[in-house]
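First the structure, in the form of structure tokens, and then the observations on it.
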Amino acid sequence: MSTHTPTYTPLHGHRTGSRLATTMRCTTLLVAMAGAFTAHGRTLTVIGDTQPAGSTWQDSSATESSSTRTWQRRKHTNTQTPTTPTPTPTPTPTPTPTPTPTPTPTPTPTPTPTPTPTPPATTSSRGFPTAGPWASFYGSADSIDLPKLAATYRILDIDADPDMGNFSVSQIKTLKNGGANKVLSYLNLGSCENFRGYWSKVPSGFLSCSANKAAQLGTYSGYSNEVWMNVGNAAYQNLVINYIVPRLAAQGVDGFYFDNMEIVEHGTNTKNGPCDAQCSQGGLDLIAKLRDKYPSMLFVLQNATSDKTRLGRATGASGTVAFPSLLDGIAHEEVYKPVHDTSVEAELVSWSGMNLMPGGRKFWIGTLDYASSCTNTSAAQSAFQSSRARGFSPSVSDSSAGQQTVCYWPAF
1 MSTHTPTYTP LHGHRTGSRL ATTMRCTTLL VAMAGAFTAH GRTLTVIGDT
51 QPAGSTWQDS SATESSSTRT WQRRKHTNTQ TPTTPTPTPT PTPTPTPTPT
101 PTPTPTPTPT PTPTPTPTPP ATTSSRGFPT AGPWASFYGS ADSIDLPKLA
151 ATYRILDIDA DPDMGNFSVS QIKTLKNGGA NKVLSYLNLG SCENFRGYWS
201 KVPSGFLSCS ANKAAQLGTY SGYSNEVWMN VGNAAYQNLV INYIVPRLAA
251 QGVDGFYFDN MEIVEHGTNT KNGPCDAQCS QGGLDLIAKL RDKYPSMLFV
301 LQNATSDKTR LGRATGASGT VAFPSLLDGI AHEEVYKPVH DTSVEAELVS
351 WSGMNLMPGG RKFWIGTLDY ASSCTNTSAA QSAFQSSRAR GFSPSVSDSS
401 AGQQTVCYWP AF
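Once you know that position 222 of the sequence shown is 222 in full-length UniProt numbering, the rest is easy, because the numbers rise by one and skip nothing.
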């Protein structure tokens with residue numbers, strides 16, 4: 001701190017005395033007080049009648065760097081106003097904001113595609129997915145181009161009898177063409193051929209065709225190697241249901257093409273396979289029993305297309321039903337060639353009018369005509385056009401009971 005005594009100089013020659021001494025003492029005291037205030041960074045201003053009129057007190061010392069002393073005269077005022085420093089406010093700490101966590105986005109679920117509706121009632125393999133083209137071939141697989149046959153026809157009727165050895169399981173698989181084709185095995189139900197293995201050789205528990213005299217109904221006229229069989233005979237039904245058909249099914253075929261079932265239409269007024277009421281009804285019931293055993297296989301009935309079958313009823317383990325409901329299709333030979341059989345055509349039209357839908361699919365109606373050779377294009381074309389005009393599925397082969405080859409016709 002710097003201390004010094006101010007010098008008093010009378011400006012107008014006033015008298016000295018006790019008043020002056022008193023004034024000097026007061027001045028000394030004020031100077032001391034001013035020094036104390038200066039030491040604390042404050043300025044003292046003294047206002048009042050403490051100095052002679054017309055005189056000025058002045059601090060003759062140098063101005064200090066950190067403070068200034070000022071004395072001014074103001075009438076009747078002697079006020080000391082210290083400046084109180086404004087405290088520097090302590091800043092309120094700004095809280096660090098807690099970052100809002102970014103929510104994990106909820107993955108958008110992949111929409112489950114709406115399943116394609118199942119076609120109407122394909123709950124089983126009943127019914128034909130496509131109506132054709134189709135062909136019958138009863139020869140050996142070794143005598144024909146199997147890949148070509150499989151590529152050309154969607155429905156094939158072959159002789160899959162394992163005793164005949166025409167087709168192996170793998171060859172039948174080739175014909176099925178990865179499921180694109182349906183392969184049926186020919187099955188002669190109404191008569192028994194003497195070249196079949198089961199004509200004379202069957203396992204224990206079965207009665208062969210030749211040994212079952214009670215079921216034989218005479219030689220098939222025009223076919224000396226065949227004998228009509230009573231399709232209602234219990235022993236014959238047992239042979240068919242539990243021996244003949246299971247062996248065909250084991251070959252991997254999709255169904256059966258029943259032949260010579262027209263015996264159920266013969267009645268008794270004939271020598272060519274007479275069949276009474278028990279025989280006739282037994283034939284219809286035989287199909288019902290086969291359907292019980294093979295509910296999903298394809299059944300096609302050839303030639304027996306009269307009202308006897310169309311309006312008939314059949315009884316199996318599952319009860320009595322309309323006979324047509326057991327079938328997936330029918331076929332008839334010689335409808336248009338070699339001659340046009342209008343009565344047979346009318347029967348097929350009646351079946352078509354029933355609007356049957358096995359497995360939810362249209363009931364199949366095939367026509368099998370014979371053009372004498374695979375070069376008779378005009379006859380084949382005529383048969384194709386007539387059959388299609390009725391909504392049927394046409395096939396034309398060389399000759400009846402031949403079918404040892406397949407005709408590849410141009411697109412008609």
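Quick reminder that beta carbons are idealized off the backbone N, C-alpha and C, glycines included.
| Check | Outcome |
| --- | --- |
| Buried or exposed: which applies to Asn355, given that a residue is buried once 16 or more other Cβ atoms fall within 10 Å of its Cβ? | exposed |
| Need the endpoints of the alpha helix (DSSP H) that Arg126 sits in, please. | No alpha helix (DSSP H) holds Arg126; DSSP gives it neither H nor E. |
| Give the straight-line distance between the Cα atoms of Glu265 and Gly319, rounded to the nearest whole angstrom. | 23 Å |
| Taking Ser372 as the reference, give the member of Cys407, Trp351, Pro246, Asp142 with the closest Cα. | Cys407 |
| Assuming Ala331 and Leu368 form a contact by the criterion Cβ under 8 Å, report the distance between their Cβ atoms to the nearest whole angstrom. | 6 Å |
| For Gln278, count neighbouring Cβ atoms within 10 angstroms of its own Cβ and tell me buried if that reaches 16, exposed if not. | exposed |
| What is the rounded straight-line gap between the Cα of Pro358 and the Cα of Glu347? | 19 Å |
| Using three-state DSSP, classify Thr68 as helix, strand or coil. | Low local confidence applies: a pLDDT of 35 at Thr68 is under 50, so the model's placement there is unreliable, and no value is given. |
| Report yes if the CB atom of Asn166 is closer than 8 Å to the CB atom of Ile158, and no otherwise. | yes |
| CB-CB under 7 Å to Ile172, same chain, minus the five flanking residues each way: which ones, in chain order? | Ala160, Val183, Gln251, Gly252, Val253 |
| Closest to Trp409 by CA distance: which of Cys275, Ala379, Arg310 is it? | Ala379 |
| Have a look at Ser306 and Gly267 and give me their C-alpha separation to the nearest angstrom. | 13 Å |
| State buried or exposed for Thr309, treating a residue as buried only when at least 16 other CB atoms are found within 10 Å of its CB. | buried |
| Could you pull out every unbroken alpha helix (DSSP H) segment of at least 4 residues lying fully inside the segment 342-404, listed in chain order? | 342-352, 377-389 |
| How would you call Ser399, buried or exposed, if buried means at least 16 neighbouring beta carbons within 10 angstroms? | exposed |
| Pull up the DSSP beta-bridge partners for Gly316, would you. | Gly319 |
| Hey, Ala150 and Thr174: beta-carbon distance below 8 Å or not? | yes |
| Smallest Cα separation from Asn269: which of Leu217, Lys176, Val202? | Leu217 |
| DSSP has Val183 in a bridge; who is on the other side? | Leu156 |
| For Val245, which residues of its own chain have a beta-carbon under 8 Å away from its beta-carbon, when the five flanking residues on both sides are left out? | Leu187, Phe256, Leu290, Lys293, Tyr294 |
| Can you give me the C-alpha to C-alpha distance between Lys201 and Ser224, rounded to a whole angstrom? | 20 Å |
| Look at the alpha carbon of Gly283 and the alpha carbon of Phe412, and state the distance between them as a whole number of angstroms. | 38 Å |
| Among residues of its own chain, excluding the 5 on either side of Thr118, which ones have a beta-carbon nearer than 7 Å to its beta-carbon? | Below a pLDDT of 50, predicted positions are generally treated as unreliable, and Thr118, at 41, falls in that range; the measurement from the model is reported next regardless. So no residue of the chain qualifies. |
| How many angstroms separate the CA atom of Ala121 from the CA atom of Trp351? | Only weak support exists for where Ala121 lies, its pLDDT of 36 falling under 50; the value from the coordinates is given anyway. Their backbone Cα atoms lie some 21 Å apart in a straight line. |
| For Gln251, which three-state DSSP category applies? | coil |
| Got a sec? Which residues, its chain only, sit under 6 Å from Thr27 by beta carbon, not counting five neighbours each side? | Note on Thr27: pLDDT 43, under 50, position unreliable in the model; no value is reported. |
| When DSSP labels each residue in this structure, what does Val231 get in the three-state scheme? | coil |
| Suppose the cutoff is 7 Å on Cβ atoms and the five residues either side in sequence are ignored; what does the same chain contact list for Ala322 look like? | Arg313 |
| What does Gln216 pair with, by DSSP beta-bridge criteria? | Met229 |
| Just checking my contact of Phe299 with Leu326 at CB under 8 Å: how many whole Å lie between their CB atoms? | 6 Å |
| Please list the terminal residues of the continuous beta strand (DSSP E) segment that includes Val300. | 298-302 |
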